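Heads up: the structure comes next, in structure tokens.
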Amino acid sequence: MPFTPKKLALLMSSLYVLCPVASAQVVEPPQRADKEQAVKDSKIELPVVVGVGKVDKDADGHKKVYDANVTTLYMGREDLGRVQATNAADVLKGMNGVYSMDARNGTSITPNVRGLSGEGRVPLTVDGTEQSTNVWLQVYGAGNRNYVDPAMFRSIMVEKGPSLSAGVKSGVGGAINVRTLEAADIIPAGERLGIEFRAGLAGNSIKPQADANAYFGQDYRSIPGAVLGMDNNVNIPQPVPRTKGGGDILGLADHSEMISVAARNQLTDLLFSYSQRSKGNYFAGRRGTEDYTHNDAFAKDTAAYYPNLTKLYHAGNEVLSSSSSSKTWLLKNNWQLPHENKLGWSVMRSDLGFAETSPGQAVVMLGMAEALAAQGSNEQLVGEFPRSDLRLDTYRITHEWKPKGSRWIDLQSNLWMTKTDGVRHQSGGGVYYIKKSPELDAYSRHLADWNACIKGPDWANGLPSGAPAFSCYTDEKLNPHLGATQPVEPAHDGRIFAGSSQWTRHDRKGFDFRNLMRLSERLQLTVGGAFQRERLDERVADVQLSGGMGPGGAMFHYGTTHYGPRSGTRSESSGMFNFEWAPKSWLALSAGARYNRYSAFDEGLAERRRNKVASAQALKRKVGVTLEYGTLWSEEEMNALRKHVELSKEAQNKLTPEDYRAWHEDGITTPNMAAYEEIAAAWRKWLAGREGFLGRTGAHYWKNTAFVPMANGKLVASQSPFAGDAIDLKQTVRNAQGLEGEFGVTVPNELATTSRGKAVYEEVAEDQAWAAPRKQSGHAWSPVISATASLTPHGKVFMRHAQMTRFPSIFEVASTSVGLDGVGALSVAGASKPERSINWELGYAHDLTQFFPGIALADVRLSYYNTVIKDFIERDGTLSVIQFDEKKVSGIELQSNLDSGGFFGSLGATYRLKQELCDADYAYGMDVYYKRMPTCMSGGFADMLTATSLQPRYSINTELGARVFNDRLVFGLRSVYHAKAENPQLNALLNTYGKELWTENSMRQMYWHSVLLHDFFLQLDVHKRLDLNLKLSNLADRYYLDPMSKIPVPGPGRTLSIGLNLRY
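Going by UniProt numbering, the sequence shown opens with residue 1, and the numbers climb by one from there.
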């Protein structure tokens, strides 16, 4: 819906005006300024008291949102308990300016902060460990996924932008820091043992009609309706989505259980926690389907980017391939050792199973559904895809040393390892296959020809096997009148195997430390370092396919095999220092820097070249393009042409048949023929090797060519005669060459070239065709400075300038094997330089309790950010990884909260000013003659993955709740609004000259319509040892598409969940 300023004002006022502050029961806190001074004097952090006698264990995290120099968001365990997580990505729902991309596909989080995403740009760590990996998404390239089980989360902290914060692995776009359960979360205050049991049921879910994995190993002939298709692909009938009924409000299809046991004494503490969840397919909402029903799928502009989801899933339909299951156990142990040492270790294992929709198959089915709908059919072309299975192991050892009274030692260190091992059925081709055999191949060819003959031979194209059409009458195997009978299937192995499997093994090992030194009362120094080594090994099922984009086709599988999964090794080390100085009581300054060094190697390509795999051979390299253009003939030149034509005709008219016979048969040049040849020779001399062509206006032009070289995968625009003022295509003349009208003085030869020129390749030297790729390496410094000024006891101003370098990931380094230019056609050897983020941020925070003395907490923070990432790593239109000049994002953010004890609420809003990708050379390469392509494009250029990272222009998140009956009952409403996806710049381009320039080789992004979602939550303390909770998400049962989705499926409809929490 359109979100007017009036509606925004109503939402804001609802958080403050509607709260009966005067009647709230609170414990009066001291003024924040006095509290902070007390902390400084006593060196003891005062707990924040919320409600009656309750201590907020997450107070520090919430306080940092308004006190830290870097813009921060925080969710504690209580906040997480209010979120209905249909998918893992839902835990970020409601965090201002933070999204998880492709939220409905797989049990994972793909962070997007301020429009920035991708491996290493916004690292997500769990207890300081990292396990993110890139997965291949066919037409949508690669997606950075963090496979997690939110059941073990106890807090999430987000930093928006680079920092040198202790305990945070920061990237060019910020960081997401997840902490898992601790023993103190389970053991009641003052006790030594604690046991917690949680259980929950959720509705809006149903068990899948078929187990798509159960078909593996079965003989396809025993499966009802299964038929053998092209390339031994088995086509199995797919279920029709069911529609939500009254019995689906609450059931057993979505249930979860979790038990945690913890114990402690003065020496040690121990925690064991185990959780499991099983969730069926969810149902879509019922209201708002018109937004995804009547979009013009064939529009020439971005109107075609809004998918008609209802052609795949109707209102209230079961969304196939949305089920999942998880089992996780966590073991933690900490020891308090002599001399203020603390040693801890933890082990966590997650076994995740989740259905996934194939992005390539889904967009093809949507396109086919559009075509069928035009013919009056409403067939739903959807399917239940096999379940992906993944195991994630995490190991961690921690050490702390904080000697009492020491100014020099405050040391923390971590040693960790993660192992990710899984299989996904996501190559994009057919899922089910049987083994090939010569007899079966012969039978398949014979059957195809037989069926073609029965229908009537295709005289133009022949039979499927390639035989001529008349074989239907002459071949004794095809003509029943010659004794032919219908082909009989030979005996063969009909057991099904998985033909679309992708295996991933991604292992990481790391170490980090930091030490805080108090150099004086006003100056402290933090030093630290980190090291990480990772190995990625990915494999794809070896299936030989033919055909196109259909379920058994080769295109997607071929793309996955050659452009998709990568294998390699990578290591990165870093060191940092950060000075924090408080020259005045109201002023805090910090300055520091980080040094990074990395190396990486494309193991996958090296192995393929060692084994002489054909697709790995380097045959040619793109070195540039040629531009062919014409310059208008002058009147003198046209007169010469006319004179030549006149003389030539006169001489030709004098030629007799005897002249031609003598010249052709006897080799004798007669006088008449000699005169004709003399005229022709004179013309060739006058041409002097020049060539001409006839323009589309009928005027004559001289043919000219120019070569524009490439560097780092892009044309060097400065070396093109069209990029500067050397050639002006706008210059015209009237009535040239005796023709009426306006004619360009210089024009492109449109019959011989395109808007991108003609590619020029050079052959790769024979001794380099199978050479191993080079090892990549690099290093860089990144400074960070910040200032915080307390202008008043209640108001603070923040300023920061932060830089961060990001080196290429394994996926980006291992991009040297093949692109759309063809096997062995290389335009660039992967990314080689680091990205450098330059971030400026200015903010102001105010403690509003000075205006509302009866409120425990009331804060507001306003921030402006401007981030430029230089040498941004992306793919180009041929799917080769190159580096673009700049990625720019900027915007304004508002974050606020209040808590009166009886009532609480928050409001967050973001308005994004700029989200664009810039590169003058790349833009020139899209329009080499007229230079019409803008240097900067909102979202990115055609085929860019960053285009799918485009966040809504503005979004709003609110929460309003209350505590009653001495805080035993807590309830409230959380709301999320995001504006529709829009790109006015691209829209204007596609509606004018840009349509011919904006060619897409993969798949366009999916746009979404605006939506306002409400979630209700309630928690009741039945007993000090028993809580009951109820959540109702998507209260209005809206039918919507999540922002930045890569598959055309609607989000979950209205979902009721109930749970209990039993403590001992």
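A virtual CB, placed ideally from N, CA and C, is assigned to each residue, including glycine.
All values reported here derive from a predicted model rather than from experimental measurement.
For residue i, the nearest candidate out of the options (CA to CA)
i            : options                    : result
N333         : A942, S321, V347 and E340  : V347
A682         : L715, S648, D666 and G667  : S648
L519         : S377, M75, R566 and R407   : R407
D927         : F722, Y1064 and R953       : F722
H1014        : V261, K419 and Y977        : Y977
F216         : A814, W633, R495 and G1051 : R495
residue 1105 : P188, L124, L116 and V70   : Past the boundaries of the shown model lies residue 1105; the chain is included only from 1 to 1064, so the question cannot be answered.
F272         : G280, S278 and A263        : A263
L1000        : S108, W663 and A942        : Contrary to the premise, residue 1000 reads as Glu rather than Leu in this sequence. The shortest C-alpha separation from E1000 is found at A942.
I409         : G529, L516, A202 and L751  : L516
G203         : V158, F283, S786 and Y140  : F283
P150         : T71, D90, L164 and G757    : D90
A448         : P1048, R424 and E489       : E489
L857         : T878, T243 and S906        : S906
Expected contact under 8 Å - CB spacing of residue i and residue j to nearest Å
i     : j     : result
Q138  : P359  : 5 Å
L181  : L330  : 7 Å
D1037 : R104  : Wrong, their Cβ atoms sit about 17 Å apart, outside the cutoff.
L997  : M944  : That pair is no contact at about 14 Å.
D885  : D919  : 4 Å
V707  : V747  : Strictly speaking, residue 707 in this sequence is Phe, with Val absent from that position. Going by Cβ atoms, the distance from F707 to V747 rounds to 19 Å, so no, they are not a contact pair.
T805  : N596  : 6 Å
T420  : Y147  : 7 Å
G713  : I882  : 4 Å
T631  : A600  : In fact, because the Cβ distance is near 49 Å, the residues do not count as touching under 8 Å.
Y1039 : P1052 : 10 Å between Cβ atoms; not a contact.
T125  : K169  : 5 Å
F904  : G961  : 5 Å
Cut-off 7 Å between Cβ atoms - residues of its own chain near residue i, not counting five sequence neighbours on either side
i    : result
A469 : P457, D458, W459, G462 and L463
V240 : Q380
N451 : none
K931 : F722, A723 and Y924
Distance CB(residue i)-CB(residue j) smaller than 7 Å
i     : j    : result
Y433  : N233 : yes
E874  : T948 : no
F531  : F511 : yes
R145  : D185 : no
A588  : T788 : yes
V122  : V135 : no
Q276  : E257 : yes
E835  : F872 : yes
A210  : F385 : no
G908  : N96  : yes
H446  : P487 : yes
G1059 : G280 : no
L641  : G698 : no
Own chain partners of residue i with C-beta closer than 8 Å, once the 5 adjacent residues on each side are dropped
i    : result
Y929 : L627, Y629, F722, L729, P748 and S755
P2   : Unreliable positioning characterises P2 in this predicted model, as indicated by a pLDDT of 42, which lies under 50. A coordinate reading is not provided.
K775 : S599, A600 and F601
Beta-carbon contacts of residue i that lie in its chain and below 6 Å, excluding the five residues immediately before and after
i     : result
Q1005 : A947 and T948
R539  : W503
T935  : C918, A920 and A923
L1026 : L1062
Y844  : V797 and L862
R1054 : N1034 and D1037
W1008 : A981, L1041 and P1043
W345  : N333 and I397
Test: residue i CB closer than 7 Å to a CB of chain C
i     : result
K1046 : Annotation note: the requested chain C is absent from the structure, which comprises a single protein chain.
Cβ pair count under 8 Å reaching 3, the region 384-391 against the region 338-357: Cβ pair count under 8 Å is three or more, so yes.
At least 3 beta-carbon pairs within less than 8 Å: the region 212-230 vs the region 246-256: As far as the Cβ criterion goes, the region 212-230 does not touch the region 246-256, which means the pair count is below three.
Inter-stretch contact at 8 Å, needing at least 3 Cβ pairs: the region 851-868 / the region 886-896: Under the three-pair Cβ rule at 8 Å, the region 851-868 counts as touching the region 886-896.
The region 605-613 touching the region 732-752, judged by at least three CB pairs closer than 8 Å: With the cut-off at 8 Å, the region 605-613 and the region 732-752 do not touch.
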